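Below is one structure, written out as structure tokens; the observations come after it.
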């Protein structure tokens, strides 16, 4: 799992680059808006070169992605994910965004399955259990977990409590709960008390490893 | 629905007193730890006289309560809820706390039903659908909504965004999402911007009415 | 499908479509605007109308957009642009963001479309021949917002109809669209009575002109007004 | 059920039960302590052991309790007492609190019990003849914590056994208990091998003394130690 929404804010970009440099293969990625920034600039300020999950398909490390928004509206130039998909090198599982985040949340919250109205009558409903409650039809969707979650927060305390800022929350807090090992990239690490107890966005219980950015890192 | 956890913090005590004084009857209450403070002092500082949901059974206004903890461990003296129950004047529906809050959350989040491992093999499983996922048995539980939610927050802005403090969150944020009409009791109302956007605990979309405490109100 | 050209009068431009759509947004509503023409509605709100904008990535109550490409990456909207901090905003995560949507707490969403059917089915996430598409928040919004307004161009590639009897493209949600605002017409999808009602036309366009460019059969219900 | 008296030696008091239970709490664990004897464990942590306490009402990382009846109503624990603010604490709502529990993120819970069966079934929320009880967070904790320790008195009303073959009281959760610490014994419920293992006895108590006050058949697995 790779956190954030899509775009620079909330994306664990340094961890992604480290994963790419590590060279491990046969990865299945779970993300949200995925791999469209490099070709469209989505969610990146103009003066920076966008970095996105497409890199794992460009490098051949990933064979599958589960996400909600893997390709931009235009096809020229092709994104790395669409390129890999067209060449038969990537399985792309497209999930409605609300279903995707709720499946991840469910995995962390001990809920194996739930019903949602989203997707009924559409291609995403194929093969899924349909069930009526109070006269409306719903789909059953199952929890989605991962071996690793790479997430991004503004800061951590030494216990592992995390604080987020602005719209950088997105998929990060839920992913932190849904992986066997959660690794967080932060700008800063502080002593207990350095995060207001009213502002803890992810509880320390969920955090396994903390990686601190180098001071002055130019990446957003 | 009446928010809080049980105890003074996070309980909309002034709204509860107003509801009692209004005298409306045939109420169904949804709460968590309910009606045990008056006899046990639960969650109230010693120097104050505890006020709890039992008042609606003492007054005969309520005929049913759905909650997780309606009676204290000891029976002497009887709480107002147990008294009403023994006299056949109250239906008491006891739900595991995690199932109760998740059912309320589900109602607000558009999820009509979900599966939980809690309660399997116990009296609360009777009559409920059982289903196995990955070799473990779960119960299906359905969403729980209400006509009105009475909740408590520290402050509101004029848009209706709410800020909570400490352990006074509890059932309040979820209940705010799950009722047709949400009424909040606050200490203070501020202009937009008077609540840090990082600290909004309930979005204004969920809030219908705001009632401000009088300055110097001795109730916690 | 119907294909015609020889328009009787100019079509509205994208900004004018957005401006007309903005007139149907009610003061105080919680609103989610899709990318493209829908997002432009924010520039044309009538005086006295204040909306509570929601973006899927976890903001409620934002307003002014910065110029694209500027701004703080941690203050982004769902379109990947950077709004400014506004007093009364709130930040939250994607779980809460989609609880709000799926729970039916969004009053209105304005979305784009590839096709809308006569019973309000919506297709807006994939062109079949491309074979891959992006759903994002569209299925959640279309299925669960209290009101779904489509803002789009009426036809595509010449005069190919997008308001059709049955969608041939993969669906986003069934029976969800309430109103369609295009460059030549305002159309109500009256699902309850199984009617597609032409409410307004662009200046110089007649009922028959719009019908000729629409596959679904239109009806009038009282006077047909002008989009001007 | 077995009923005996004539104890061979004094039983541990409630504080001593809590003290013995506290020895099994591993440094760095996320722990939820039930009311009564379990809550007293916090007073007896071995040196060098730091726990992350969780309370159902939405706190993680609290520590010292204020005297009962003092303190801030907005800083309460699930037992209705008022802890002090500790650096590194976190507040959250009940949805998140029970996601943590139900999701299996609590390492250990220490709870009280009315009955524990030989296969680890737990009854702790209702005495049948009362006809009404309180579940609170007990079912979620018992069913989902990684480890469930019961801290209780071994017998009730004289020598009525609480560690039984089958629970006769309404269940809290099936096959959930890992360890039982009482005023006369430490007992492991080895569910995998269907054994109830007597690990330790109170000073002056023999295997047979404990067995005589226990309905479930006990076995030894190596030496039986002393609780002292």
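Residue numbers (our numbering), protein chains in the order written: chain B, 15 to 234; chain U, 15 to 234; chain V, 716 to 943; chain Y, 716 to 943.
Ideal placement from N, C-alpha and C gives every residue a C-beta, glycine not left out.
Keep in mind that this is a model prediction, so the values were computed, not measured.
Just checking: is the beta-carbon of residue i within a distance shorter than 8 Å of some beta-carbon in chain B?
{"i": "residue 130/U", "result": "yes"}
{"i": "residue 187/U", "result": "no"}
{"i": "residue 871/Y", "result": "no"}
{"i": "residue 814/Y", "result": "yes"}
Could you check if residue i is buried or exposed, using at least 16 other CB atoms within 10 Å of its CB as the buried criterion?
{"i": "residue 684/Y", "result": "Because chain Y spans 716 through 943 in this model, residue 684/Y falls outside it and cannot be assessed."}
{"i": "residue 61/B", "result": "exposed"}
{"i": "residue 194/U", "result": "exposed"}
{"i": "residue 716/V", "result": "The predicted model places residue 716/V with a pLDDT of 42, which falls under 50 and marks its position as unreliable, so this point remains unresolved."}
{"i": "residue 132/B", "result": "buried"}
{"i": "residue 219/B", "result": "buried"}
{"i": "residue 130/U", "result": "buried"}
{"i": "residue 223/B", "result": "exposed"}
{"i": "residue 150/U", "result": "exposed"}
{"i": "residue 872/V", "result": "exposed"}
{"i": "residue 762/V", "result": "exposed"}
{"i": "residue 935/V", "result": "exposed"}
Specify, as a first and last residue, the run of the beta strand (DSSP E) that residue i falls within.
{"i": "residue 747/Y", "result": "745-748"}
{"i": "residue 83/U", "result": "Careful: residue 83/U lies outside any beta strand (DSSP E) and carries neither H nor E."}
{"i": "residue 154/B", "result": "150-156"}
{"i": "residue 832/Y", "result": "830-832"}
Going by Cα to Cα distance, which pick from the options is closest to residue i?
{"i": "residue 786/V", "options": "222/B, 172/B, 21/B and 201/B", "result": "21/B"}
{"i": "residue 881/V", "options": "931/V, 871/V and 893/V", "result": "931/V"}
{"i": "residue 846/Y", "options": "220/U, 110/U and 105/U", "result": "105/U"}
{"i": "residue 26/B", "options": "114/B, 121/B and 66/B", "result": "66/B"}
{"i": "residue 184/U", "options": "33/U, 32/U, 40/U and 45/U", "result": "45/U"}
{"i": "residue 942/Y", "options": "893/Y, 722/Y and 727/Y", "result": "727/Y"}
{"i": "residue 64/B", "options": "70/B, 55/B and 72/B", "result": "55/B"}
{"i": "residue 796/V", "options": "229/B, 216/B and 58/B", "result": "58/B"}
{"i": "residue 766/Y", "options": "822/Y, 809/Y and 734/Y", "result": "822/Y"}
{"i": "residue 732/V", "options": "747/V, 772/V, 746/V and 755/V", "result": "755/V"}
{"i": "residue 894/V", "options": "850/V, 817/V, 791/V and 835/V", "result": "835/V"}
{"i": "residue 897/V", "options": "841/V, 860/V and 925/V", "result": "925/V"}
{"i": "residue 837/V", "options": "891/V, 724/V, 764/V and 750/V", "result": "891/V"}
{"i": "residue 902/Y", "options": "855/Y, 735/Y, 723/Y and 722/Y", "result": "735/Y"}
{"i": "residue 34/U", "options": "23/U, 69/U and 17/U", "result": "69/U"}
Less than 8 Å between CB atoms is the rule here; does residue i satisfy it with respect to chain V?
{"i": "residue 196/B", "result": "no"}
{"i": "residue 55/U", "result": "no"}
{"i": "residue 119/B", "result": "yes"}
{"i": "residue 83/B", "result": "yes"}
{"i": "residue 217/U", "result": "yes"}
{"i": "residue 27/U", "result": "no"}
With 8 Å as the threshold, decide whether the Cβ of residue i is near any Cβ in chain U.
{"i": "residue 716/Y", "result": "Because residue 716/Y carries a pLDDT of 43, less than 50, the predicted location of this residue cannot be relied on, and the following value inherits that uncertainty. Taking Cβ atoms only, chain U never reaches closer than 8 Å to residue 716/Y, which makes this a no."}
{"i": "residue 152/B", "result": "yes"}
{"i": "residue 18/B", "result": "no"}
{"i": "residue 127/B", "result": "yes"}
{"i": "residue 804/V", "result": "yes"}
{"i": "residue 887/V", "result": "no"}
{"i": "residue 939/V", "result": "no"}
{"i": "residue 124/B", "result": "yes"}
Could you check where the alpha helix (DSSP H) with residue i kicks off and where it finishes?
{"i": "residue 858/Y", "result": "853-859"}
{"i": "residue 816/V", "result": "809-817"}
{"i": "residue 146/B", "result": "It is not in any alpha helix (DSSP H) - residue 146/B instead sits in the beta strand (DSSP E) that spans 144-147."}
{"i": "residue 115/B", "result": "111-122"}
{"i": "residue 172/U", "result": "Careful: residue 172/U lies outside any alpha helix (DSSP H) and carries neither H nor E."}
{"i": "residue 96/U", "result": "94-100"}
{"i": "residue 877/Y", "result": "Counting along the chain, residue 877/Y falls outside any alpha helix (DSSP H), and DSSP gives it neither H nor E."}
{"i": "residue 927/Y", "result": "922-927"}
{"i": "residue 28/B", "result": "27-36"}
Is there a Cβ of chain Y sitting closer than 8 Å to that of residue i, yes or no?
{"i": "residue 212/B", "result": "yes"}
{"i": "residue 181/U", "result": "yes"}
{"i": "residue 235/U", "result": "This structure gives no information on residue 235/U, because the portion of chain U shown stretches from 15 to 234."}
{"i": "residue 108/U", "result": "yes"}
{"i": "residue 91/B", "result": "no"}
{"i": "residue 231/B", "result": "no"}
Mind listing which residues of the segment 198-209 of chain U have their C-beta closer than 9 Å to chain A's C-betas, in chain order? In the displayed structure, chain A is absent; the protein chains listed are B, U, V and Y.
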